[in-house]
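In this note's numbering, each residue carries its 1-based index in the sequence shown increased by 325. Here's the structure we're looking at; comments come further down.
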Amino acid sequence: MVKIMIDPGHEGVENNLDPGAVANGLKEAALTLRIAKYMYDMLNEYEGVQVRLTRTGNQRLTLSQRAKMANEWGADFFISIHINAGGGTGFESYVYNGNVSAATIAYQNVIHAEIMKSIGSVKDRGKKRANYAVLRETKMPAILTENLFIDNANDAAKLKSEQFLLQVAYGHVEGIAKAFDLKKKKEAVKMSEQAKTEYDKEVDAAFEFLKQNGVVTQDRRNEPVTRAQMFLMLHRFAKNVLKK
Ligand SMILES: [Zn+2]
Numbered sequence: 326m327v328k329i330m331i332d333p334g335h336e337g338v339e340n341n342l343d344p345g346a347v348a349n350g351l352k353e354a355a356l357t358l359r360i361a362k363y364m365y366d367m368l369n370e371y372e373g374v375q376v377r378l379t380r381t382g383n384q385r386l387t388l389s390q391r392a393k394m395a396n397e398w399g400a401d402f403f404i405s406i407h408i409n410a411g412g413g414t415g416f417e418s419y420v421y422n423g424n425v426s427a428a429t430i431a432y433q434n435v436i437h438a439e440i441m442k443s444i445g446s447v448k449d450r451g452k453k454r455a456n457y458a459v460l461r462e463t464k465m466p467a468i469l470t471e472n473l474f475i476d477n478a479n480d481a482a483k484l485k486s487e488q489f490l491l492q493v494a495y496g497h498v499e500g501i502a503k504a505f506d507l508k509k510k511k512e513a514v515k516m517s518e519q520a521k522t523e524y525d526k527e528v529d530a531a532f533e534f535l536k537q538n539g540v541v542t543q544d545r546r547n548e549p550v551t552r553a554q555m556f557l558m559l560h561r562f563a564k565n566v567l568k569k
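What follows is the structure, encoded as structure tokens:
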């Protein structure tokens with residue numbers, strides 16, 4: 326059984342609680358909770374996994390308490406969700422800047438990549454390291470994600486979209502599933518198809534069409550294409566599709 330502790334950053338939006346960054350009509354603590362709850366639901370579609378949240382609502386909770394909850398539960402993985410602020414745009418992830426296990430680095434690599442894949446045209450600010458309390462005080466592999474900038478108008482517009490928050494959660498969960506080799510429960514396979522974005526669905530359909538017509542052979546949707554490969558694809562498209 327893999328135990329995953331999800332930590333929605335900050336405390337909440339009620340008086341006297343730490344709401345995290347606030348801008349453009351958005352509050353970090355509310356966004357991190359929405360993403361975390363989506364992740365909780367999505368992760369429960371997998372077998373052999375137990376999921377907990379450090380908070381499920383507005384709640385006073387120190388950084389050390391969050392780490393302690395994960396340590397006492399014996400979590401296998403800790404992931405803290407945040408929204409960035411302070412001028413910038415895009416996504417970045419963190420692990421502790423002291424000693425970390427090879428597994429921690431491996432998990433950061435795969436989860437970072439899956440999130441970037443899921444959130445589309447968002448700037449990749451890179452995989453970073455920092456001395457954050459939740460990363461330092463947790464005894465298991467731990468990462469922290471900063472999901473766009475609340476004080477950037479373009480990023481904030483994305484964060485206002487429920488679909489985008491779903492994509493953020495989906496990327497985190499795809500990454501965790503890969504990192505821990507989790508398998509979907511059978512009845513959940515169909516549901517997750519619905520979580521795919523319209524963009525993904527169109528790419529799926531386009532790939533199937535091009536494959537059936539002998540234009541492409543492999544679904545390498547996230548890899549760059551050279552001009553030579555583009556020439557071949559256009560040539561095959563003209564021969565196989567246009568001349569039909
Ligand atoms: Zn934060």
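Ideal placement from N, C-alpha and C gives every residue a C-beta, glycine not left out.
- Looking at the DSSP output, Gln375 bridges to Lys328.
- For Gly500, the enclosing alpha helix (DSSP H) stretches over residues 487-504.
- Residue ranges of uninterrupted alpha helix (DSSP H) with 4 or more members, entirely inside the stretch 398-482 and ordered along the chain, are 427-444, 458-462.
- Rounded to whole angstroms, the separation of the alpha carbons of Ile408 and Ala354 is 8 angstroms.
- Contact check for Ala410 against Ala348 passes: the beta carbons are separated by less than 8 angstroms.
- For the pair Leu358 and Lys485, the CB atoms are not nearer than the 8 angstroms cut-off.
- Taking 4 residues as the shortest admissible run, the stretch 333-386 contains the following complete alpha helix (DSSP H) segments, listed from N- to C-terminal end: 353-368.
- Between Leu386 and Glu336, the gap from beta carbon to beta carbon is short of 8 angstroms.
- C-alpha of Phe505 to C-alpha of Lys526: approximately 26 angstroms in a straight line.
- Where Leu507 is concerned, there is no enclosing alpha helix (DSSP H), because DSSP gives it neither an H nor an E.
- For Val528, the enclosing alpha helix (DSSP H) begins and ends at 523-537.
- In this structure, ligand 1 has no non-hydrogen atom nearer than 7 angstroms to the beta-carbon of Ala530.
- The nearest non-hydrogen atom of ligand 1 is less than 7 angstroms from the C-beta of Ala346.
- Around the beta carbon of Gln543, fewer than 16 other beta carbons lie within 10 angstroms, which makes this residue exposed.
- Check the Cα spacing between Glu487 and each of Asp449, Lys508, Asn565, Ile444: the tightest is with Ile444.
- If you ignore the 5 residues before and after Val550, its C-beta comes within less than 8 angstroms of the C-beta of Met558, all in its own chain and listed in chain order.
- In this structure, Gly451 has its beta carbon at no less than 7 angstroms from each heavy atom of ligand 1.
- Arg461 sits away from Glu417, with the two beta carbons spaced by 8 angstroms or more.
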